[in-house]
Structure formats: structure tokens, C-alpha cells
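Chains as they are written, first to last, in the numbering used here: chain H, 1 to 163; chain C, 1 to 235; chain P, 1 to 365.
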Amino acid sequence: MGVFENKFQDNIVVASLDKLLGWARSTSPWFFQFGLACCAIEMMATAASRHDLMRIGMIPRSSPRQADVMIVAGTVTMKMSLRVKKLYEQMANPKYVIAMGSCATSGGPYWQHGYHVLKGVDLVVPVDVYVPGCPPRPEALIEGLLKLQEKIQSERPLTRKTA
Amino acid sequence: MTDNQEQLIKEAIEKALQGDMDAVNNIEDRVTRSKAKAGLVKAKREAAKTSAKPSAEEKSEESGSESKPAPQSPNQQFAGIIASQFPKTVDEELSSETHIQLQSEEWLDIAQYLRDDPACLFDSLQCVTGVDLGEDVGLEVRYNLHSMTHRHVIEIRIACGGKNPKIPSVEAVWRIGDWFERETYDMFGIEFQGHRDLRRILLPDDWEGWPLRKDYEVQETYHGIMVPKVKEGWE
Amino acid sequence: MVLNIGPQHPSTHGVLRLKVVTDGEIVSDITPVIGYLHRCFEKHCENSTYEQVIPFTDRCDYIASMNNNFGYVVAMEELMEIKVPERVEYIRVIMAELNRIASHLLALGTYGLDVGAFTPFLYMFRDRERILDIFELTCGARLLYNYMWVGGVSHDLPVGFVETVYNFLDYFEPKVQEYNDILTYNKIFIERTADVGVLLPEVAISFGVSGPNLRGSGVKWDIRKDEPYSIYERFDFDVPVGQGLVGTMGDCWDRFYVRVLEMIESTKVLRQALKDIPTTGDVHQTLPKKIRPPKGSIYRRTESPRGDLGYYIISDGSPQPYRLKMRSPAFTALSVLNEISRGWMLSDVIAVLGSLDIVLGEIDR
Numbered sequence: 001m002g003v004f005e006n007k008f009q010d011n012i013v014v015a016s017l018d019k020l021l022g023w024a025r026s027t028s029p030w031f032f033q034f035g036l037a038c039c040a041i042e043m044m045a046t047a048a049s050r051h052d053l054m055r056i057g058m059i060p061r062s063s064p065r066q067a068d069v070m071i072v073a074g075t076v077t078m079k080m081s082l083r084v085k086k087l088y089e090q091m092a093n094p095k096y097v098i099a100m101g102s103c104a105t106s107g108g109p110y111w112q113h114g115y116h117v118l119k120g121v122d123l124v125v126p127v128d129v130y131v132p133g134c135p136p137r138p139e140a141l142i143e144g145l146l147k148l149q150e151k152i153q154s155e156r157p158l159t160r161k162t163a
Numbered sequence: 001m002t003d004n005q006e007q008l009i010k011e012a013i014e015k016a017l018q019g020d021m022d023a024v025n026n027i028e029d030r031v032t033r034s035k036a037k038a039g040l041v042k043a044k045r046e047a048a049k050t051s052a053k054p055s056a057e058e059k060s061e062e063s064g065s066e067s068k069p070a071p072q073s074p075n076q077q078f079a080g081i082i083a084s085q086f087p088k089t090v091d092e093e094l095s096s097e098t099h100i101q102l103q104s105e106e107w108l109d110i111a112q113y114l115r116d117d118p119a120c121l122f123d124s125l126q127c128v129t130g131v132d133l134g135e136d137v138g139l140e141v142r143y144n145l146h147s148m149t150h151r152h153v154i155e156i157r158i159a160c161g162g163k164n165p166k167i168p169s170v171e172a173v174w175r176i177g178d179w180f181e182r183e184t185y186d187m188f189g190i191e192f193q194g195h196r197d198l199r200r201i202l203l204p205d206d207w208e209g210w211p212l213r214k215d216y217e218v219q220e221t222y223h224g225i226m227v228p229k230v231k232e233g234w235e
Numbered sequence: 001m002v003l004n005i006g007p008q009h010p011s012t013h014g015v016l017r018l019k020v021v022t023d024g025e026i027v028s029d030i031t032p033v034i035g036y037l038h039r040c041f042e043k044h045c046e047n048s049t050y051e052q053v054i055p056f057t058d059r060c061d062y063i064a065s066m067n068n069n070f071g072y073v074v075a076m077e078e079l080m081e082i083k084v085p086e087r088v089e090y091i092r093v094i095m096a097e098l099n100r101i102a103s104h105l106l107a108l109g110t111y112g113l114d115v116g117a118f119t120p121f122l123y124m125f126r127d128r129e130r131i132l133d134i135f136e137l138t139c140g141a142r143l144l145y146n147y148m149w150v151g152g153v154s155h156d157l158p159v160g161f162v163e164t165v166y167n168f169l170d171y172f173e174p175k176v177q178e179y180n181d182i183l184t185y186n187k188i189f190i191e192r193t194a195d196v197g198v199l200l201p202e203v204a205i206s207f208g209v210s211g212p213n214l215r216g217s218g219v220k221w222d223i224r225k226d227e228p229y230s231i232y233e234r235f236d237f238d239v240p241v242g243q244g245l246v247g248t249m250g251d252c253w254d255r256f257y258v259r260v261l262e263m264i265e266s267t268k269v270l271r272q273a274l275k276d277i278p279t280t281g282d283v284h285q286t287l288p289k290k291i292r293p294p295k296g297s298i299y300r301r302t303e304s305p306r307g308d309l310g311y312y313i314i315s316d317g318s319p320q321p322y323r324l325k326m327r328s329p330a331f332t333a334l335s336v337l338n339e340i341s342r343g344w345m346l347s348d349v350i351a352v353l354g355s356l357d358i359v360l361g362e363i364d365r
């Protein structure tokens, strides 16, 4: 894939190929289970039997090299933020990040006097989708994942990017 | 207020003093109900005043009294026992029915005694709390002890000053003292003398400051990441 | 060899880091490193009013938030000498026991996952979802409720609540037998957990361990029976202790089995509470207009699914606490990990850690 990226001009063949690639890449993103706090329980509940995550193609992987999406579920603290950055750098491209819950989005209920709380995980890693809630319902997390799938589908990896 | 209402309020207060709050809570009229509640508070205060003096004398005479859920006598009883074994360590003025105030020098020996003596047998250290009582008084450490065999509960408070607070460590007596004292050191900066491995437990090792002190100021950045709530440089 | 497990690891029950010194496969020393979830709970409590503290207590032990709230309001009501109506007491006990069942289901399900069994995890989560449905019916939230307030509860029980819970209990009690068949008496599970990580009673008491971990070692200590609070004296239930049925007393299997038996005891309490709950009464009756406790301090313990949850509250007469310390049972449970897992193999360490049932939110606060 890397050889063909951004090499072609926009034409009908490349557009259909792009669509095919987008569909293939988006429909089975494997997620890196990065459950930190209360949102991790909701992430586990989403992966359990009632709201099944496997039916949209996601399975939990424990190693960063095997995962496409990192779901940061829970509060990131200063002590943990260095490790989040390290693990993000260890993931293989293409990689995406979902910030689940209000703590990962902006510090959550701990924004005011939390000296040890990172006010949003986007201070250390680039985030693609934010899922608000404290904790977000499993349905909300699934909507966030579907939005991520739409985002992946709308990428055009083969087309040459003009300035 | 009509006679009927007065009568109703009196009956409700009497029932409530015996423990049945529903009589007061079920009064329909809001004004009457609030008057009944105010009258109840007054009645309780007066009852406490009149029963305080004679019952305090009774309680201090009975030693080894039956255990109660709100331990008044255990703290005073053990203050007496500690004072007899380790004279000049119990601060009589500041100790009361709710706690025992001790000096910090012989704390390790006192702790050993409290754990091993057959009448005490305090084998469980429940909670270690550090408190910052302000600039004049300084820091204080409070220990809640509990005995599994005798089922009594006491609270011990030890003041350790404002600048360079130090207290002997009791981790040799109760094994959980290890982690509890590390946590108190982490949050307040109180040094526990004799602790094997006193270092931060919750915050990173290179954190600056003692967070739960009243004069704590948050550091600006940690390894290049913004710490306080104001975000600058939003993209 | 020094090996590092965590902070990101599927089976560390949160962000826990273990520095393990091994000699081949046998472990010789473990140092737990915590603090990766330190969210400054106590600092927040000093700067919020007493009512605003309740959502923060929810988030400490996020699996059993009703019990966290319960501990806090029991301590506050003792400090302020408030007596709540009967209906509120019954509602609180019902919610606390339902949450105890939900918490144990999660603990047992994830323990099965740690040891290698995936099916019990799905079964237990399926049943846990039914309890979360009941909570959602009452107060609108699935995980963090902010339900018990000082002097009352936030929402009254909805219409049809009692029938819903009876249906759940009728559905749930035979399921415990199913869990016993799949997991508890499973040969592989017994091989992995019996005789592993034995915790002696004296060591447990010195380390301040409480709850199912202490009861698994044979010590019969339950705050609901020994220092009763709320209306627990009225209920007839047993306190299960470990007896070493398939191994030594105090091993991982015993701690697991105590939790299974506790779920059954909770259903007994629930049935009695549902039978006797008064049908009328205003749950907002004794809510104080302004919470300004008298000057003083109090330390009160209650029984959370993990053990003795204690709150030490110092009040200086203002609407904000001067100091609030939460003594969490999982903190003491984790400190004993080094003692009981020395000499075992690396995978046994995971089994021992799972049997202690820790929640990092509570440890780090």
C-alpha cells in the first residue's frame, strides 16, 4: 500500500479502487484495549453479549502492533500520559484514536482541581473521534465507532493530494 | 398557635425523643411540622446538657464497659492506660472522648504496647489520615485503631509541627503502615522516621510539592505537558 | 530477571504496574507501582460542597458506586444526627445489595477471563446487564448513579419496581448453580486456583485486609453484622467464610467461592427487604436545606463488595469539608500481593491478583 499511496491523479478507476480500499479498511478495525477507569467498564460491556462489538468487526487486541484503533477509555493522568504517548508511537500506521468519555476529551469532572489529571488526551496524541459522556452509553460508543468508520471510508489513500 | 396544634406538636416531640421520627415527619401542615422539628432540636439539646454531667462521671468509673457503636469511654479509658504505662506522653488538655492526643517521641513503643498487651490487642490499623490544620498549628497525623478480638475502636492524634514534620514510623508494628505512611508522605511531606523505603506512592517520583497541604500551588508543566486547567495553543 | 507487567495489560484490572523479579519462571519479589489513576479526589472534596462530593465518591470504586455513596451518607448522617424515613432506609439497602451482586458478577467474570475462561465472562455480563437495567429504570444511569444523598435518595422507586426485582431474583438464583457448574467446580479452574496464594489470617489482619479476602481466610468479619449501620440488623443472612473445601483455607478458590456465596446471601436480604418495604413515604422529606455539619470529625466504616470502606470526614462548620479521606479496601488488599505470591509462577501471580478483586480507581483515588 505504501508504494501506491498518493501517486495517482483523480480518475474513475482510482476513485472506485479508493472506495474498495476504504470499505476494506474500515469494516474491521481492531481496537487496542486501553481501558483506564470507569469508561473501561462500559467498553467491556460494549464488547460483551448485549451490545456486541464483534458484529461490527472489532475485537480487542492487547498488543499495540496488532491494533488499528486506540480507544482511550478513562482519565489519563500525568504519570500515565508518558506511557500513552509511547504506546501510540508503537502502533503501526494507519492508526486512529478515539477519546472515550469526558475525562479523555477534556479532563472530565476533574478539570478544576485535578493537579495530576491530563486535561484531555489530545494534549499528547492526535484524536480522531471524541465520544462524550460520563460514562458514555455503549450505544454512544458504537456510534463513535461508526463515525470513525465513515471517516476512514472518506480517506482517499491512492489519490495524489494536490495542495 | 391553637391548643390542638400545640398538643399535636408536644405528642410528636415526645414520640420522636423515644426514637419514632415518623410522628414528626407525618404532620401534614408545613408550618406545624417545622415548629415540631425546632422544638425537637431544643428538647434534645436540653436533654444532652442535663445528662452530660452525671453520665460522664458514671462512664469514667466503669472500666471495661460494654462496647457501644459511638465509642466515648474507650478513648478515655485507653488514654488512662497509656498514661499509666508511658507517663508524660498523653496530652490531657487536648484528649477527649473522641480521641487521644499523644506526643510523638515514644509513639513506636506505645504502638507496640497497644498491639501486644492482652487488655488492648489493637491488631488492626484501620486508617492513617494526615491533616493540615493551618499555619499556626501545623500538620497532624490521625490513626484509627481497631481490635478484632475485643472489638473496641480508638483514635490517636499526633501533632508533628509545620516545618520539617517528623513522626516515628509504625510499619514494623502493623504491616499496612508501610503503604499508609507512604501515602501520607506523598500528600503532605511528613517524614516517617524508621520507614524502610519512604518514597512517593501515588504521584510520580519527580513531582514537586505536597498536594494536600493548604498552601499547595500546582506546577506549570510536567515533562512539557500543561498541568493547570487553562489550555493555551488550541489547534 | 526483572519483568514489568503493565500499566497497560489486559488482566491488571486497571492501570497497575507490577515490577516482578523472577528466577526463571518462579517469582521472588513483586513491587506494585500504583498512582496511574490518581485523580485528586481528596483535593476536589476540599473544594466542593458536601452534596457535590457524592458524584466524586461514585467514581472512586466505579463498579460499586451505590455502596460508595452509602458509606459517605451513613458517615455524614451520623455526623449531623439526621434520621431518615423508613422507606429511604429500605431503598438504600435494596440498591446496595443489588450493586453488590453486580460487582461480584463483574469480579467473577473477569477472574474467569484472567484464568482463561471466556464463557463465564459473557454469561455474567448478560446477567449484570439486567441489574443495570433496574438501576436505569430508577435513576437513569447505568454505571455512576449519584443516587444516595445526605438525608434521602435522589429518585423514588418507579411504578413496577418491586415486580421487576422479584422477576430478576427468580431468574438469577438458578443461574448461580449454572456458574458453579461452568466455573467453580471446573477441574481446570480448581487446578489453577486451589492452594495458590494462601493468605493466613494473622497476616491478613496485620495488612488490614477485609471483606471477602479476609473471609476467605476463615475470619468471620462483616461490618453489616459486627458494626451494623442502617437497618441491616433486621435482616437474617449468613456470613460465608472460606473453609478450604478444595484446597487450603485462604487460597484463591476460597476467595472466589466466598463471593459466589455472598451473591446468594444478598438475594436473601433483597427478598426480605422487598417484602417489608413501606409503600408510602416521601424520600426527600429529611433532605437538609443546607448541609453545614457541626464542627468535629467522624470515621465510619461500611461494607462495600471489596471490604471495609471507611470515610474520615473533618468538618469545620462550613459547607465544604475541611478534610475528607476515603480508606479504600482495595488499597490494603493490593499491599498483601507481595506476601502471598512469592514462590509461585508468573501465571499464578495473575490468578492471585484476580482473586483479590482490586479496582484501581479506589486505590489511587
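C-beta: ideal position from N, C-alpha, C; glycine also. Everything numeric in this text was worked out from a predicted model, so none of it was measured.
Simplified DSSP state of residue i, which is helix, strand or coil
i	result
G250(P)	coil
W149(P)	strand
V129(H)	strand
M100(H)	strand
V131(C)	strand
N180(P)	helix
N144(C)	strand
S106(H)	helix
P54(C)	Because the pLDDT at P54(C) is just 43, under 50, the model does not fix this residue reliably, and the value given afterwards should be weighed accordingly. P54(C) falls in the helix class under three-state DSSP.
S96(C)	coil
Q153(H)	helix
V20(P)	strand
Where the alpha helix (DSSP H) containing residue i begins and where it ends
i	result
G112(P)	E86 to V115
K95(H)	Careful: K95(H) lies outside any alpha helix (DSSP H) and carries neither H nor E.
V73(P)	S65 to M80
I134(P)	T119 to C139
Y185(C)	G177 to F188
Y25(H)	Just to set this straight, residue 25(H) is Arg in the shown sequence, not Tyr. Its alpha helix (DSSP H) spans residues I12 to S26.
7 Å Cβ cut-off: residues of chain H touching residue i
i	result
F125(P)	A45, A48 and S49
L356(P)	Neighbours of L356(P) on chain H: none; closest Cβ ~18 Å, over 7 Å.
Y222(C)	M78
N- and C-terminal bounds of the beta strand (DSSP E) containing residue i
i	result
N4(P)	V2 to I5
K86(H)	K86(H) -> not in any beta strand (DSSP E); alpha helix (DSSP H) instead, spanning M78 to Q90.
Q112(C)	Note, Q112(C): premise wrong, no beta strand (DSSP E); alpha helix (DSSP H) at W107 to D116.
L37(P)	Unbroken run through L37(P): none, as it is neither H nor E.
V117(H)	Counting along the chain, V117(H) falls outside any beta strand (DSSP E), and DSSP gives it neither H nor E.
K166(C)	K166 to P168
Chain P residues whose Cβ lies nearer than 7 Å to that of residue i
i	result
R175(C)	S206 and F207
Closer than 9 Å at the beta carbon, the chain P residues around residue i
i	result
L17(C)	Within 9 Å Cβ-Cβ: nothing; L17(C) doesn't reach chain P, min ~12 Å.
I41(H)	Y62, I63, L106 and L143
Beta-carbon spacing of residue i, residue j below 9 Å
i	j	result
I176(C)	F207(P)	yes
V97(H)	V131(H)	no
G109(P)	G361(P)	no
L203(C)	H116(H)	yes
V33(P)	R17(P)	yes
L145(C)	F122(C)	yes
N213(P)	L199(P)	yes
Contact list for residue i against chain H, beta-carbon separation under 8 Å
i	result
P204(C)	M78 and K79
I156(C)	Within chain H, no residue comes near I156(C); the closest Cβ sits about 30 Å away, beyond 8 Å.
C40(P)	Y110, H113, G114, Y115, H116 and V117
V227(C)	M78 and Y115
Under 8 Å from the C-beta of residue i: neighbouring residues of chain P
i	result
M148(C)	I205, V219 and W221
Q33(H)	P10
Per-residue contacts from residue i into chain C (C-beta, under 7 Å)
i	result
R327(P)	Q126 and C127
Cβ separation of residue i and residue j, assumed to be a contact under 8 Å, to the nearest whole Å
i	j	result
F70(P)	A96(P)	5 Å
C134(H)	S106(H)	Between S106(H) and C134(H) the Cβ distance is about 11 Å, and since that is not below 8 Å, they are no contact.
W23(H)	Q153(H)	6 Å
V74(P)	R300(P)	6 Å
K325(P)	T98(C)	Not confirmed; about 16 Å, so no contact.
G249(C)	Q219(C)	Missing from the structure shown is residue 249(C); chain C here goes from 1 to 235 and no further.
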